[in-house]
Every structure is written in C-alpha cells, then in structure tokens.
Ligand code: C2E
Ligand code: CA
Ligand code: CA
Ligand code: CA
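Residue numbers (UniProt numbering): 454 to 730.
If you want it as structure tokens, here you go:
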C-alpha cells in the first residue's frame with residue numbers, strides 16, 4: 454500500500470481486495486476444517502429462575518484453526534452462510550448435537566435435561582429440504598423431536614425461500630422453535646402473529662441494563678409481558694451477575710442463560726456422569 458500514499462482511493466481499493474481475498478481464504482479454510490474435523494461443539498446451560506436448575510442446553514460451535522488459532526463463530530458463520538458451506542456444516546452440527554443429546558439421555562437416565570437447542574441460520578432455513586433433513590437426523594440418531602429446539606432469528610425468517618413454511622413443517626415434526634436475539638430486529642412483534650414459535654430469547658443487550666436505574670429495564674419488562682401474553686417461554690440471554698438474575702426473576706422471567714450460570718463447555722453434565730458411574 455506504500456505506492457498508494459497520497460492517493461487514498463487507491464489504498465481503499467487495495468483494502469477491499471485484501472478483504473475479499475481474506476474472506477475467500479477463510480471460506481476455503483472452513484471447507485478444510487469440515488474435512489479435517491477442526492470444529493467441535495460446546496453446550497451452555499439454560500436454567501430456571503431463581504433456582505438455577507438446568508432445563509436444557511444451547512449448542513455453540515467452536516473452531517480452533519492450526520495457524521489462525523481460535524476463530525469466533527461471529528466471524529466465520531457469516532462467511533459459511535455466504536459461500537453456502539453452512540448447509541453442510543449446519544447438518545453436521547445438528548447431527549452431532551442430537552447424538553450427544555441421545556448419549557446424555559441414555560447414560561444419565563433422567564439425571565440430565567434432555568432439551569438441546571441448535572442455532573439454524575438463514576441459509577439453512579431457506580433450503581427447501583431443511584425440514585426433511587431434520588426429520589432424517591432425528592430418525593437416524595434416535596432423538597425425540599420435542600427434545601430439539603431450533604433457534605432462529607427473525608432475519609432468517611425474512612431471508613427468503615420458504616422459511617415460514619419450513620418453520621411450520623419443523624413444528625409439525627414436533628420440533629420446538631425459539632426466536633433468537635429477540636427485540637433486536639425491526640418487526641419482532643408483527644412476526645409473532647404469523648410465525649408459530651414456542652419461545653423467545655431476549656437479547657443480552659436488554660439484560661445488560663436491567664439492573665440500572667430509570668428507563669433501562671423498560672424493554673426487558675415489555676418483552677416478558679409479550680411472552681406471557683402470547684403464552685411463550687422467555688429466556689433471558691447473557692446473564693452475567695446475580696443482581697441481573699434477581700431482577701429478571703422479579704420481572705417475571707423464569708428462564709435464563711449466561712456466564713453467571715455456566716459458560717459453554719464440552720460437557721456440562723460431566724459431574725453428573727461421574728456421579729452415576
Ligand atoms: P447466539 O446464538 O446469540 O449465542 C449466544 C452467544 O452469547 C454465544 O456466543 C455465547 O457463548 C455468548 N454468551 C452466552 N452467555 C454469555 C454471557 O453471559 N456473556 C457474554 N458476553 N456472552 C455470552 P458465541 O458462541 O461466540 O456465538 C456467537 C454467535 O455465533 C451466536 O449467537 C450465533 O449467532 C452464532 N453461532 C454460534 N454457534 C453456532 C452454530 O452452531 N450454528 C450457527 N448457525 N450459528 C452459531
Ligand atoms: Ca442462539
Ligand atoms: Ca442470542
Ligand atoms: Ca446473538
């Protein structure tokens with residue numbers, strides 16, 4: 454970029470080229486990572502308030518690349534969405550999470566919750582075959598459909614294809630639908646009239662301010678009222694302190710997730726398993 458000094462437009466185009474190049478390299482690395490099994494899954498507890506009993510877990514993907522090091526899903530999921538690899542990767546995630554859930558069910562027999570949530574992105578939801586893929590994964594892993602929750606964002610629902618039909622088909626299978634990052638979109642409330650969902654995950658940004666004075670808790674309060682009014686479960690996301698948990702409980706939240714209760718780990722039930730053995 455030295456030759457571009459004094460010619461900022463040239464540097465700008467070079468930066469764009471660099472970024473496009475890096476995105477392409479990252480995309481290629483995702484392909485290699487699928488083939489060489491660099492991805493693993495972690496599971497974060499979803500708990501009741503105020504007791505903190507685990508009622509389920511959310512599946513989150515992790516990528517340790519041999520030279521890049523840890524790559525956040527925030528950085529690579531959008532690239533996998535763009536180049537389409539999310540379809541293959543997403544199916545792998547779903548299958549592994551179901552296998553894990555069935556393993557917990559069989560080894561911990563009643564001592565661990567059965568409920569497992571999996572994030573599904575716009576591209577997957579737009580696939581005409583997605584509901585069939587889920588049905589076949591459920592059948593081949595022995596996972597009971599009502600123990601699976603699919604977490605979707607409203608952007609994914611508006612992402613085109615037959616997303617709404619797919620959500621309905623999933624529900625017909627008995628799969629639970631959870632609306633992720635709720636409150637951050639543009640038409641969340643309108644969507645709830647057309648989309649059959651079972652739960653709302655109230656975004657961390659509304660949890661972060663819930664203990665602050667004044668108007669900061671207004672949205673967290675409004676969202677639990679929406680959930681209650683529509684008979685939907687509400688999960689408060691990103692709870693980091695006991696104060697937040699207490700305040701959310703006071704507002705009427707019955708479910709929560711966050712570092713205060715447990716970070717995402719490979720086996721949140723390890724201790725339970727050791728006790729059973
Ligand atoms: P998300 O679905 O909203 O997931 C919640 C994120 O918040 C996770 O970040 C989780 O580790 C983090 N988190 C949970 N509790 C706390 C807390 O108390 N404090 C803070 N600061 N963070 C907390 P993560 O694992 O980095 O994932 C980020 C996003 O990447 C996810 O947001 C989701 O959109 C996407 N993602 C992750 N795994 C998958 C996957 O398997 N498939 C798809 N399609 N997307 C995924
Ligand atoms: Ca999620
Ligand atoms: Ca979320
Ligand atoms: Ca999020």
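C-beta: ideal position from N, C-alpha, C; glycine also.
Being a predicted model, the structure only gives us computed values, none of them experimental.
So, for residue i: in the same chain, excluding its five sequence neighbours on each side, which residues have a beta-carbon less than 6 Å away from its beta-carbon?
i           : result
residue 650 : 630 and 632
residue 547 : 571 and 590
residue 711 : 691, 692 and 693
residue 637 : 656
residue 598 : 591, 626, 627 and 628
residue 600 : 567 and 568
Indicate whether residue i and residue j have their beta-carbon atoms separated by less than 8 Å.
i           : j           : result
residue 605 : residue 655 : no
residue 713 : residue 503 : no
residue 653 : residue 687 : yes
residue 534 : residue 575 : yes
residue 717 : residue 495 : yes
residue 683 : residue 645 : yes
residue 515 : residue 492 : yes
residue 672 : residue 706 : no
residue 518 : residue 471 : no
With DSSP collapsed to three states, give me the class of residue i.
i           : result
residue 674 : helix
residue 687 : strand
residue 454 : Confidence in residue 454 is poor, its pLDDT being 47 and thus under 50, which makes the residue's placement too unreliable to answer from.
residue 732 : Because the chain in this structure spans residues 454 to 730, residue 732 falls outside the shown range and cannot be described.
residue 786 : With the chain represented from 454 up to 730, any question about residue 786 goes unanswered, as that position is not in the structure.
residue 562 : coil
residue 597 : coil
residue 591 : helix
residue 620 : helix
residue 606 : coil
residue 694 : coil
Short of 7 Å in beta carbon distance, which residues of its chain neighbour residue i, apart from the five on each side in sequence? Order them along the chain.
i           : result
residue 715 : 497, 498 and 721
residue 709 : 500, 502, 688, 689, 692, 698 and 701
residue 531 : none
residue 549 : 494
Just to confirm my understanding: we take residue i, look at its own chain, exclude 5 residues before and 5 after, and list those with CB closer than 8 Å. What are they?
i           : result
residue 729 : 560, 561, 562 and 564
residue 664 : 670, 694, 696, 697 and 700
residue 674 : 704
Counting only beta-carbon separations shorter than 8 Å, does residue i have a partner in chain B?
i           : result
residue 722 : You won't find chain B in this structure, because it holds only one protein chain.
* Within the chosen definition, does the region 574-592 reach the region 515-526 through at least 3 CB pairs nearer than 8 Å? -> no
* Asked: So does the region 481-494 actually touch the region 538-550, counting three or more Cβ pairs closer than 8 Å?
  -> yes
* Curious, which full-length alpha helix (DSSP H) runs of at least 4 residues does the region 627-666 contain? -> 641-647 and 657-661
* **3 or more residues per run - each beta strand (DSSP E) lying fully within the region 504-551** => 507-518 and 522-524
* Asked: Between the region 655-667 and the region 613-626, do three or more beta carbon pairs fall short of 8 Å?
  -> no
* Inter-stretch contact (C-beta, 8 Å, three-pair minimum) for the region 504-517 and the region 553-568 -> yes
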